[in-house]
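Notes to accompany the following structure.
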Amino acid sequence: MGLTTVDGATEADGAEVWSVYDPVFGDQPDEATWREVVWERHTARDGFRLVRAYEAGRAVGFAYGYTGRAGQWWTDHVRGTLAPDVADTWLDGHFEVVSIGVLPGSRGLGTGRALLRALLVGLPHDRLLLMTTADPDDPARRLYAGEGWDVLGPGTGDATVVMGRRGSA
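What follows is the structure in structure tokens.
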């Protein structure tokens, strides 16, 4: 497996991420809608970073995130779910792990872990946040816990939690 990390994104990066995003998540009607509603907004944010995983020259996974700030949808909504002292400590200026996706045939091989580690290496942020399932037996949740992430409180959706980890800054 090979990994590529970029700060910022091109049109071609979006097409490649979509080739994994759609079969993994399937929550957008088409690529054009996803680009407009999700991708273009996220890639324009400060600190945007993208990592892709390849097998035999084909993208099989991705991870991306950016600097979370007050005024962004997720940060503002999570502020309403977390205890006030937790929100004040963790939100605004954090690195937000937005999405990690791995094609089914490449799961269980350490691809998600490699993507997560590559995404976070060398970040200047002292606080790292993400949202995932509340189910502690879910593979993604086990991955985050195994990498030192702790539950900070409820997430913005049913059966989700916000997890945090201190960064190296």
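Quick note on numbering: the numbering used here labels position 59 of the sequence shown as 151, and the sequence is numbered without any gaps.
Here a beta-carbon is modelled for each residue, glycine too, at the ideal position from N, C-alpha and C.
Within the continuous alpha helix (DSSP H) that includes E147, where are the two ends?
Locating residue 147 in the sequence shown gives position 55, where the first residue counts as 1. Careful: E147 lies outside any alpha helix (DSSP H), inside the beta strand (DSSP E) at 141-147.
Cβ pair L221, H169 closer than 8 Å
Against the sequence shown, residue 221 aligns to sequence position 129. Against the sequence shown, residue 169 aligns to sequence position 77. It is not a contact, given that the beta carbons lie outside the stated cut-off.
Hey, could you find the ends of the beta strand (DSSP E) D99 is sitting in?
Counting from one through the sequence shown, the residue named residue 99 turns up at place 7. It spans 94-99 - the beta strand (DSSP E) in which D99 sits, taken as one unbroken run.
Look at the Cβ atom of R144, then the Cβ atom of F154, and state whether they are nearer than 8 Å.
Counting from one through the sequence shown, the residue named residue 144 turns up at place 52. Counting from one through the sequence shown, the residue named residue 154 turns up at place 62. Yes, these two residues count as a Cβ contact at 8 Å.
Neighbour-count burial assignment, W126, 16 or more Cβ in a 10 Å radius
Numbered from 1 along the sequence shown, position 34 holds the residue referred to as residue 126. Buried: at least 16 other Cβ atoms inside 10 Å.
From the DSSP output, which residues share a beta bridge with Y156?
Indexing the sequence shown from 1 puts residue 156 at position 64. Its beta-bridge partners are L142, S191.
Hey, would you say G160 sits closer than 8 Å to L174, going by beta carbons?
The residue you call residue 160 lines up with position 68 of the sequence shown. The residue you call residue 174 lines up with position 82 of the sequence shown. No, they are not a contact pair.
Can you give me the C-alpha to C-alpha distance between A101 and Y158, rounded to a whole angstrom?
Numbered from 1 along the sequence shown, position 9 holds the residue referred to as residue 101. Numbered from 1 along the sequence shown, position 66 holds the residue referred to as residue 158. Taking the straight line joining both Cα atoms gives about 12 Å.
With the cut-off set at 8 Å, would you say R233 and D242 are in Cβ contact?
If you number the sequence shown from 1, residue 233 lands on position 141. If you number the sequence shown from 1, residue 242 lands on position 150. It is not a contact, given that the beta carbons lie outside the stated cut-off.
Measuring CA to CA, which of T97, D99, M93, R257 is closest to T181?
Locating residue 181 in the sequence shown gives position 89, counting from the first residue. Checked all of T97, D99, M93, R257; the closest Cα to T181 is R257.
Figure out for me which residue from E103, E132, L201 has the closest Cα to the Cα of M93.
Here residue 93 corresponds to residue number 1 of the sequence shown, with the count starting at 1. That would be L201, whose Cα lies nearest to the Cα of M93.
My understanding is that G259 touches R219, with C-beta atoms under 8 Å, so please give their C-beta distance in whole angstroms.
Along the sequence shown, one-based indexing puts residue 259 at 167. Along the sequence shown, one-based indexing puts residue 219 at 127. Confirmed, about 6 Å.
Can you grab the Cα-Cα spacing for the pair V109 / A151, in whole Å?
To locate residue 109, count along the sequence shown from 1; it is residue 17. To locate residue 151, count along the sequence shown from 1; it is residue 59. Taken atom to atom, the span from the alpha-carbon of V109 to that of A151 is near 8 Å.
Can you tell me whether E188 is buried or exposed, with buried defined as 16 or more other CB within 10 angstroms of its CB?
By one-based count along the sequence shown, residue 188 stands at place 96. That one is buried.
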